Structures are given as structure tokens and as C-alpha cells.
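Residue numbers (this note's numbering), protein chains in the order written: chain A, 718 to 813; chain B, 139 to 366.
Even glycine gets a Cβ: it sits at the ideal position worked out from N, Cα and C.
None of the values given here were measured: they were computed from a predicted structure.
Below: one structure, written as C-alpha cells.
Below, the structure written as C-alpha cells:
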């Protein structure tokens, strides 16, 4: 069970874990209370960071290799894609 | 007066609010208005909308009954239903509890009273072959179902392609409270303009909270429509 507190009357009560990320009315005063997080937080972070590790990180490694080898075209191309991947990651994590 | 006492005529500033003191938010929405109790509506998806989605819900006389808008760039789906296109009177709010919409639960909130009306849960695995939803009450107890008719046609839609099968056999959803049919959603044959006829005619006993019914229609249009 998840414990949640009403923002208005501070009443604390328990809700089923399936309600995580949803909305409930306080049983004491009836105020609508948002439950933090999301019901699928594990899946979300797993897919987000997994996707970044597979699709974004290799370009960062390639950019570093390009810089070390003096291949500027490879470094710029890979670095640009890596920067785009980082932007997408940041948007997904903080954009909403 | 001794220390610690509150002078007569003054209120205790530290007093906890009681349920009796709190009045529900004033509402201009008249749920007895005929617009909520029509047996049929037509929901039409706005075609030229790049981000998010919007739907017009008309009554059978062709008057705009509701206007629905899905917020763009939101990780958790957020759909609002308004009483007018100017979006001055928000009636319902449909919010996803999570991000990944496979098997997602959507809370339906009455925006005028700020009360949770119930929720709608998409059955993730079952919906791979045939769209299936459960209608839940405030305590997440299943009170009804909404399923795509004809499992064979549903599979054809997924493997042959939505547009072709939609021309021949448009998608249809049937809603039940318990085992009692309460609504039927019929999609049109036009694969380019999504239009769904909402028929609440079977609900002769008023078993379905119409707010959940309208929310179910908006979700079918927004979620299932996006997959098509």
C-alpha cells in the first residue's frame, strides 16, 4: 500500500499500489490529490536509459575516438548525433 | 482570559478543516441538461492537427456537445473535455497513471467538482489481438468492459491493414456494465477522417455514468486512433 497525505488537511491514508501516478480524493476533505510518480516508472527509466545506451552512447564514443584520432569529420558527425540523443534524453526526462 | 484561550468571536487559526466546512467548487454544469443524456453522438477527429489531437463531439442534431483536446508533448497522456470549442468550461479530465500505454489505466476526473469518477484500463496483452478495456469504479474495481467486436476482424485489421479493412468492416466497440450492454461505438468507413458514432441507446437503465461513457469514447478516438 502507498501512503499519501492530503495537501489541504494533511490527512494521511493508504491507497493501493495500482493507483500510483493517478489521482484520488482525500477521504477526509475530498480534495483531489495527485499521487507522485508513474505506475510504470521502472519500465520507463529502463527503456529510456536502455534506448540511450544503445542508440546514443555509441555516437559519443565514436566522437571521442574521432577526436583522439584527429578525424574531425567523424568527431563532428558523431558528436552532433550524440548531442541530439542527449537533448532527446533530457526532453524525455525533464520535458514533461 | 487565561493563557492559551482564544478570545470570543475569533476563530482558531490552527483548527483542522472539517468535511462539513468544505464546499464543493461551484459548478455551472447542469448534469440534467439534455446534452448529457442524448442517446447518440458523433465524435469527429480534427484532421489538420499536427501536435496532439482534438475531437468534436456533436449531438444528433449536429450541434457541438463537447470538444476534446489531447495535450501534446506530455509523457503521461492528458485529455480534456470541454463544453465548448473556446475551452472556457472544462468538464472532464482524463489522465494516464503512467507513461508506457501498454496496459495503461486512465483516471477520469470531473473537472467541475474535482471528483474522480472512475477509471478506464486498457488490457495490454489482450489488446495486441483485440482491443479490450475495463471500466473501473473509484476503487479500481471492474464494473464493466469495452471490447472490439469480432476477434477475427480485429486480427485482420492488425495484419492486413487498418484502412483496407475499415472500408469493408469498420471497427466497432461494445460496452457492458456487468453483462448488460450499455453502449456501442461504430467507426465510419472513411479511413482518412476518423468519425465514430456513439450509441448509448442500449443503456436503458442508466447503469453507465455518462461521464465515463464520454471519456471512453475520447480514449478510443485518441489512443486506438493513434495506433491505426
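Any C-beta of chain B under 8 Å from that of residue i
i	result
residue 729 of chain A	no
residue 703 of chain A	The requested residue 703 of chain A does not occur in the structure, where chain A is confined to residues 718 to 813.
residue 749 of chain A	yes
residue 724 of chain A	no
residue 793 of chain A	no
residue 735 of chain A	yes
residue 805 of chain A	no
residue 741 of chain A	yes
residue 769 of chain A	no
residue 738 of chain A	yes
residue 761 of chain A	yes
Neighbour-count burial assignment, residue i, 16 or more Cβ in a 10 Å radius
i	result
residue 323 of chain B	buried
residue 229 of chain B	buried
residue 242 of chain B	buried
residue 162 of chain B	With a pLDDT of 43 at residue 162 of chain B, under the threshold of 50, the modelled position of that residue is not reliable, and the figure given next carries that caveat. That one is exposed.
residue 304 of chain B	buried
residue 325 of chain B	buried
residue 349 of chain B	buried
residue 175 of chain B	exposed
residue 782 of chain A	exposed
residue 773 of chain A	buried
residue 327 of chain B	exposed
residue 219 of chain B	buried
residue 282 of chain B	buried
residue 221 of chain B	buried
residue 279 of chain B	exposed
Beta-carbon gap between residue i and residue j smaller than 8 Å
i	j	result
residue 757 of chain A	residue 238 of chain B	yes
residue 358 of chain B	residue 311 of chain B	yes
residue 317 of chain B	residue 255 of chain B	no
residue 193 of chain B	residue 356 of chain B	yes
residue 259 of chain B	residue 285 of chain B	no
residue 777 of chain A	residue 799 of chain A	yes
residue 360 of chain B	residue 246 of chain B	no
residue 765 of chain A	residue 806 of chain A	yes
residue 183 of chain B	residue 191 of chain B	yes
residue 738 of chain A	residue 763 of chain A	no
residue 274 of chain B	residue 257 of chain B	yes
residue 718 of chain A	residue 741 of chain A	no
is_contact[residue i, chain A] using C-beta, thresh 8 Å
i	result
residue 235 of chain B	yes
residue 214 of chain B	yes
residue 254 of chain B	yes
residue 157 of chain B	Reliability of the predicted coordinates at residue 157 of chain B is poor, the pLDDT of 42 falling under 50, and no value is obtained from them.
residue 245 of chain B	yes
residue 139 of chain B	Since pLDDT at residue 139 of chain B reaches only 44, below the 50 mark, its modelled position is unreliable, and no value is offered.
residue 83 of chain B	Past the boundaries of the shown model lies residue 83 of chain B; chain B is included only from 139 to 366, so the question cannot be answered.
residue 275 of chain B	no
residue 347 of chain B	no
residue 197 of chain B	no
residue 278 of chain B	yes
residue 354 of chain B	no
residue 160 of chain B	Legend: pLDDT at residue 160 of chain B = 42, less than 50; position of this residue unreliable, no value from coordinates given.
Segment limits, alpha helix (DSSP H) that includes residue i
i	result
residue 367 of chain B	One cannot answer for residue 367 of chain B here, as it falls past the ends of chain B, which runs 139 to 366.
residue 786 of chain A	774-786
residue 735 of chain A	From DSSP, residue 735 of chain A is part of no alpha helix (DSSP H); its letter is neither H nor E.
residue 799 of chain A	789-811
residue 221 of chain B	Note, residue 221 of chain B: premise wrong, no alpha helix (DSSP H); not H, not E.
residue 351 of chain B	348-357
Run of the beta strand (DSSP E) containing residue i, from where it starts to where it stops
i	result
residue 266 of chain B	Note, residue 266 of chain B: premise wrong, no beta strand (DSSP E); alpha helix (DSSP H) at 264-267.
residue 313 of chain B	310-315
residue 282 of chain B	280-286
residue 297 of chain B	No beta strand (DSSP E) contains residue 297 of chain B, which is instead part of the alpha helix (DSSP H) from 289-297.
The ligand PLP heavy atom lying under 7 Å from the CB of residue i
i	result
residue 293 of chain B	Ligands displayed in this structure: none; no statement on the ligand PLP is therefore possible.
Problem - the stretch 264-280 of chain B touching the stretch 759-771 of chain A, judged by at least three CB pairs closer than 8 Å - result: no
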